[in-house]
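>
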Amino acid sequence: MQFRTIVSPHQLNSRWGRRIYWVVLVAVLVLFTLAFVFPLYWMVTGALKTPEELAQMPPTLFPADPTPTAFFEAWDLFDIGTLLLNTGYYSLGGWVVCMAVDVSAAYALSKLRPMFGNVILGMMLATLMIPAMVVLIPLYVTVVDLGLLNNPWALWLPAAANGFNIFLLKRFFDSIPRELIEAAQIDGAGAVRILRSVVLPISRPILGVVSIFTIVTSFKDFVWPLLVMTDSDKMTISVGLSQTAGAVTQNQVMGGLLITSIPMIIVFFIFQRHIMAGLTAGSIKG
7 MQFRTIVSPH
17 QLNSRWGRRI
27 YWVVLVAVLV
37 LFTLAFVFPL
47 YWMVTGALKT
57 PEELAQMPPT
67 LFPADPTPTA
77 FFEAWDLFDI
87 GTLLLNTGYY
97 SLGGWVVCMA
107 VDVSAAYALS
117 KLRPMFGNVI
127 LGMMLATLMI
137 PAMVVLIPLY
147 VTVVDLGLLN
157 NPWALWLPAA
167 ANGFNIFLLK
177 RFFDSIPREL
187 IEAAQIDGAG
197 AVRILRSVVL
207 PISRPILGVV
217 SIFTIVTSFK
227 DFVWPLLVMT
237 DSDKMTISVG
247 LSQTAGAVTQ
257 NQVMGGLLIT
267 SIPMIIVFFI
277 FQRHIMAGLT
287 AGSIKG
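Going by this note's numbering, the final residue of the sequence shown carries number 292, and the count climbs one at a time with no gaps.
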């Protein structure tokens, strides 16, 4: 079956068709690249400028006299070392709790096949349709009633059950051949042993993707940590920067933002291959 498109294959294969195609393709790629890269470039160059040059109009694209002073000042003024340690601790703990809950739920729905499993999965996915701000007040009241303010569990427990992560994991677990599970059962392995020895080793790509999503989300979250982690020595990096931003210069703010962006940029470049592999894994059964 042939599908008709705006430009016919005959027009596309002509000399002018190929030229127009490459011009449009290059233009789209350049525009999208600039749209994503320019904010990062502006943050880097802004940190290298003086406060006067950063505030002048019209703005300059290149620093007249680049200096890294703002980075050192931002590190001390924002106490970035402490904020990064706090955020790293919250992200690591949140990752452990989230993986324990999401992997168990996805494994149960995929391989243990409980009664009304599809209904339960549908209800989990329905939670993705609820805006986060709608449940913010009930969630905060619950945390206060439990006495979890300024406690890491106030960050870990609400993020533990994630419908999107459970859906991704379940789709991948569904693609694992049933024969492997049956062979392990014949050898006398129980459900927990099968999960630990068969399912998890095969599922490293999707586990990597879910882990990255969980850590990045925890690292960049702002509103919820602002409400539940109010002590200055327990704040996350996003909250700590916002609390001090009004008392420092703009180039120091950009210096602090760039420093705090470096860990996530490194994580992305290291694991970008695993992200794409995990997102496509499980889409085709075999």
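Beta carbons are placed, not taken as given, at the ideal position from N, Cα and C, and that holds for glycine.
Check whether the Cβ atoms of L175 and V109 sit closer than 8 Å, and answer yes or no.
In this structure, V109 lies closer than 8 Å to L175 by Cβ.
> Classify W48: buried if its beta carbon has 16 or more other beta carbons within 10 angstroms, exposed otherwise.
The residue in question, W48, is exposed, as its Cβ has fewer than 16 Cβ neighbours within 10 Å.
> Just tell me which of W162, G214, D180 has its CA closest to the CA of W230.
Closest option to W230, Cα to Cα, is W162.
> Give the range of the alpha helix (DSSP H) segment to which L161 is assigned.
Element bounds for L161: 159-162.
> If you measure between the beta carbons of A165 and G100, is that distance less than 8 Å?
Yes; because the gap between Cβ atoms is below 8 Å, this pair is in contact.
> Can you give the beta carbon distance from L60 to Q256, rounded, assuming they're within the 8 Å contact cut?
Yes, they are in contact, since the Cβ atoms of L60 and Q256 sit about 5 Å apart, within 8 Å.
> Enumerate in chain order the residues of its own chain whose CB-to-CB distance from A167 is below 6 Å, with the five nearest sequence positions on each side excluded.
So the qualifying residues of the chain are V107.
> Which complete alpha helix (DSSP H) runs does the stretch 162-203 hold, if anything under 4 residues is left out?
Fully enclosed alpha helix (DSSP H) runs of 4 or longer: 169-180, 184-192, 197-200.
> Distance, Cα to Cα, I276 vs I221?
Each residue's Cα considered, the two are about 14 Å apart.
> Considering only their Cβ atoms, is the gap separating M130 from I182 smaller than 8 Å?
Not in contact: I182 and M130 (Cβ atoms no closer than 8 Å).
> Are the Cβ atoms of V245 and F219 separated by less than 8 Å?
No. Outside cutoff.
> Let's test the definition: count the other Cβ atoms within 10 Å of the Cβ of A189 and tell me whether it reaches 16, buried, or not, exposed.
Per the 10 Å Cβ criterion, exposed.
> Nearest to N92 by CA position, among P158, A111, G169, L206, is which residue?
Out of P158, A111, G169, L206, P158 has the C-alpha closest to the C-alpha of N92.
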